[in-house]
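Asker:
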Amino acid sequence: MKAVVATLTLLGAALIATTAAGVEPNEMLADPVMETRARDISRNLRCLVCQNQSIDDSNASLARDLRVIVRERLVAGDSDTAVIDYVVARYGDFVLLKPPFKPITYALWFGPVAIALIGAAAAAAFLRRRRTRDAADAGPPPLSQDERRRLEALLKDAPE
Amino acid sequence: MERLVDRLVVGRLVYVLPLAALAVLTIVLLLGLQKDPRIVPSALIDKPVPEFALPPITGGRGKGLASADLGGQVSVVNVWASWCIPCRAEHPLVERLAGSSLVTVYGLNYKDEPDDALKWLNDLGDPYAEIGADRSGRVGIDWGVYGVPETFIVDREGRIRHKHVGPITSETLDGEIFPILRVLAP
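First to last, the protein sequences are chains L and R. What the first sequence shows, in our numbering, is residues 915 to 1074, in sequence order. What the second sequence shows, in our numbering, is residues 11 to 196, in sequence order.
1) Taking a cut of 9 Å between CB atoms, which residues from the segment 979-1009 of chain L lie near chain R?
2) Under 8 Å between beta-carbons, which chain L residues line up against tyrosine 120 of chain R? List them in chain order, please.
3) Leaving aside the five residues before and after serine 180 of chain R along the sequence, list all residues of the same chain whose C-beta is less than 7 Å from its C-beta, in chain order.
4) Please state whether DSSP places threonine 114 of chain R in a helix, a strand or coil.
5) Which whole runs of the alpha helix (DSSP H) in the segment 134-172 of chain R are 4 residues long or more, in chain order?
6) Enumerate in chain order the residues of its own chain whose CB-to-CB distance from serine 92 of chain R is below 6 Å, with the five nearest sequence positions on each side excluded.
7) In chain L, which residues lie with their C-beta within 8 Å of the C-beta of aspartate 152 of chain R?
8) Against chain L, with Cβ distances strictly below 9 Å, would aspartate 145 of chain R count as a contact?
9) Throw me the rounded Cβ distance for the proline 51 of chain R and glycine 1006 of chain L pair, which I believe falls under 8 Å.
10) Whose Cβ in chain L lies nearer than 9 Å to the Cβ of alanine 53 of chain R?
11) So what's glycine 109 of chain R in DSSP terms, helix, strand or just coil?
12) How would you call alanine 78 of chain R, buried or exposed, if buried means at least 16 neighbouring beta carbons within 10 angstroms?
13) Are isoleucine 998 of chain L and asparagine 966 of chain L close, meaning C-beta to C-beta below 9 Å?
14) What beta strand (DSSP E) runs, 3 residues minimum, are completely inside the segment 29-92 of chain R?
15) Quick check: the Cα distance between alanine 977 of chain L and arginine 960 of chain L, rounded to an integer number of angstroms?
16) Using the three-state DSSP reduction, which class does valine 947 of chain L fall into: helix, strand or coil?
17) Considering only DSSP beta bridges, list what serine 968 of chain L is partnered with.
18) Which of helix, strand or coil does DSSP assign to asparagine 119 of chain R?
19) To the nearest angstrom, how far is the alpha carbon of aspartate 165 of chain R from that of glutamine 83 of chain R?
20) For glutamine 156 of chain R, which residues in chain L fall below 8 Å Cβ to Cβ?
21) Tell me which residue opens and which closes the alpha helix (DSSP H) that serine 975 of chain L is part of.
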C-alpha cells in the first residue's frame, strides 16, 4: 500500500513537472505586470527547434535566449507588437503560432468557409433538382376505363 | 436537342469537377509531404546582412567578423560549433567550398567554448578566412539561426541571397550552393 501511494505521488509530481513551463525562475522579471506580458508574448512564439512548442514551454537553449530577449525588449520600453515584430523580422511568420491575417494567408483563413459554402450550394442544387424531378414523374397516369376493363379480364383468365 | 446536350454537359461537370478538385488537392498535399518541415525558409533572404561585429575566438587568430567584411565580394557565412556533430560531417565540404575561387568562406562560431572551438580547428583544419565568435548567440538570433550548422550566401552588395539549413553534403554543394555562386560570381 505504501509503495502504491509513493508511486502515485511520484507520478503526480512527474505530471506537474512536465506540464510546467520552460521558464526558469531566474529569467522572470520582478515586475509582475511586465512578466505577464512577457509570458503572453512568448506563449504565441514558436520554438523553432521543437516547432510545436512555444518558447514559453520549451527548454531548448534557443527558446531560453528568445525568452530573455522578449523580456529585455519589454524592459527597454517596447510595446508587445514591437517585441513580436522584432522576432518575426528574424525568423519570419512561421515563428507565430497563430498565423497572421494578410493576403498570403487569405486562402488559409477563408478556404474552409469557401469550401463549406460551395458544398452547401452543391447539396442545395442537387436536392432541389431531385425534388422537381420527383414531382415531374410522380408516377404513370391513371388507367382509362377501357384499360381497367382489359386488366380485369386478364386477371380473371389468369390461372390460380 | 440543344437543351439535352446542355444538361448532359452540366450533369457531367457536377461529377467531374469535384473529382478534379480532389485530384489537384491530393497532388498538392503529396508534394507537401516531400518537404522537410524542419526547414524553415529564412526571413532574411534578399535583405542586407544584420549589423554585427564579433571578436575572434579567444586565443585564436584573425580579427573577428563584422558586417563590413561581407559585401564587395561574394561570401559564404558558415555557422558552426564544436559541440555540433553534423558540423563535423560537413567540415570537409566547407574546406572544398573554401578552396574554390568563387567565394570567401567566413565562420560564425555559435555558442561555443573557445578552447573547444580552437581544438576543433586544430584537429580538423581551419577553412575560414575569418571567424567571429558569438558566445551569447545574439548575433546568431539576428541572422535567424535556429540550428547549427547553417550556411548563408551573401552577394557583393552584402545581401543574404540563400540559406542552407543543416549539414552541407556533396549533393547540396554541387546541386545547390555552387550553382548559386556561379550566378552571383560569374
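Where is the CB? At the ideal position from N, CA and C, for every residue including glycine. In this text the structure is predicted, and so the values were computed from the model without any measurement.
Answerer: Straight from the coordinates:
1) Within the segment 979-1009 of chain L, the residues whose Cβ lies closer than 9 Å to some Cβ of chain R are Asp979, Leu980, Ile983, Val1001, Val1002, Ala1003, Arg1004, Tyr1005, Gly1006, Asp1007, Phe1008, Val1009, listed in chain order.
2) Within the second sequence, the letter at position 110 stands for residue 120 of chain R. Near tyrosine 120 of chain R there are no residues of chain L at all, since even the closest Cβ is about 10 Å away, more than 8 Å.
3) Numbered from its first residue, the second sequence carries residue 180 of chain R at position 170. The answer, listed in chain order, is Leu103.
4) Within the second sequence, numbered from 1, the residue matching residue 114 of chain R stands at position 104. In this structure, DSSP gives threonine 114 of chain R an extended state, which the three-state scheme calls strand.
5) Here the runs fully enclosed are 148-152.
6) Start at 1 with the first residue of the second sequence, and residue 92 of chain R comes out as number 82. Same-chain partners within the cutoff: Asp122, Asp126, Ala127, Trp130.
7) Indexing the second sequence from 1 puts residue 152 of chain R at position 142. Simply Arg1004.
8) What you label residue 145 of chain R is simply residue 135 of the second sequence in a count that begins at 1. Here the sequence assigns arginine to residue 145 of chain R, which means aspartate is not the residue at that position. Output row for arginine 145 of chain R: interface = no.
9) To locate residue 51 of chain R, count along the second sequence from 1; it is residue 41. To locate residue 1006 of chain L, count along the first sequence from 1; it is residue 92. Correct: roughly 7 Å between the Cβ atoms.
10) To locate residue 53 of chain R, count along the second sequence from 1; it is residue 43. For alanine 53 of chain R, the neighbours in chain L by C-beta distance under 9 Å run, in chain order, Val1002, Ala1003, Arg1004, Tyr1005, Gly1006, Asp1007, Phe1008, Val1009.
11) The count along the second sequence starts at 1 and reaches residue 109 of chain R at position 99. Here glycine 109 of chain R carries a helix assignment [DSSP, helix/strand/coil].
12) On the second sequence, residue 78 of chain R is found 68 positions in, with the first residue counted as 1. Around the beta carbon of alanine 78 of chain R, fewer than 16 other beta carbons lie within 10 angstroms, which makes this residue exposed.
13) As a position in the first sequence, residue 998 of chain L is number 84, starting the count at 1. As a position in the first sequence, residue 966 of chain L is number 52, starting the count at 1. Not in contact: isoleucine 998 of chain L and asparagine 966 of chain L (Cβ atoms no closer than 9 Å).
14) Every beta strand (DSSP E) of 3 residues or more that sits fully in the segment 29-92 of chain R is shown, in chain order, as 85-90.
15) Looking up residue 977 of chain L in the first sequence gives position 63. Looking up residue 960 of chain L in the first sequence gives position 46. Looking at the backbone, the Cα of alanine 977 of chain L and that of arginine 960 of chain L are separated by about 8 Å.
16) Indexing the first sequence from 1 puts residue 947 of chain L at position 33. Three-state DSSP puts valine 947 of chain L in a helix.
17) Counting from one through the first sequence, the residue named residue 968 of chain L turns up at place 54. DSSP links serine 968 of chain L through a beta bridge to L:Arg960.
18) On the second sequence, position 109 is the one that residue 119 of chain R refers to. Judged by DSSP in its simplified three-state form, asparagine 119 of chain R adopts strand.
19) The residue labelled residue 165 of chain R in the question sits at position 155 within the second sequence. The residue labelled residue 83 of chain R in the question sits at position 73 within the second sequence. CA-CA distance, aspartate 165 of chain R to glutamine 83 of chain R, rounds to 7 Å.
20) Residue numbering aside, residue 156 of chain R sits at position 146 when the second sequence is read from its first letter. Reading off the sequence shown, one finds tyrosine at residue 156 of chain R, where the question assumed glutamine. Those are Leu962, Val963, Leu976, Tyr1005, listed as they occur along chain L.
21) Locating residue 975 of chain L in the first sequence gives position 61, counting from the first residue. Boundaries of the alpha helix (DSSP H) around serine 975 of chain L: 975-989.
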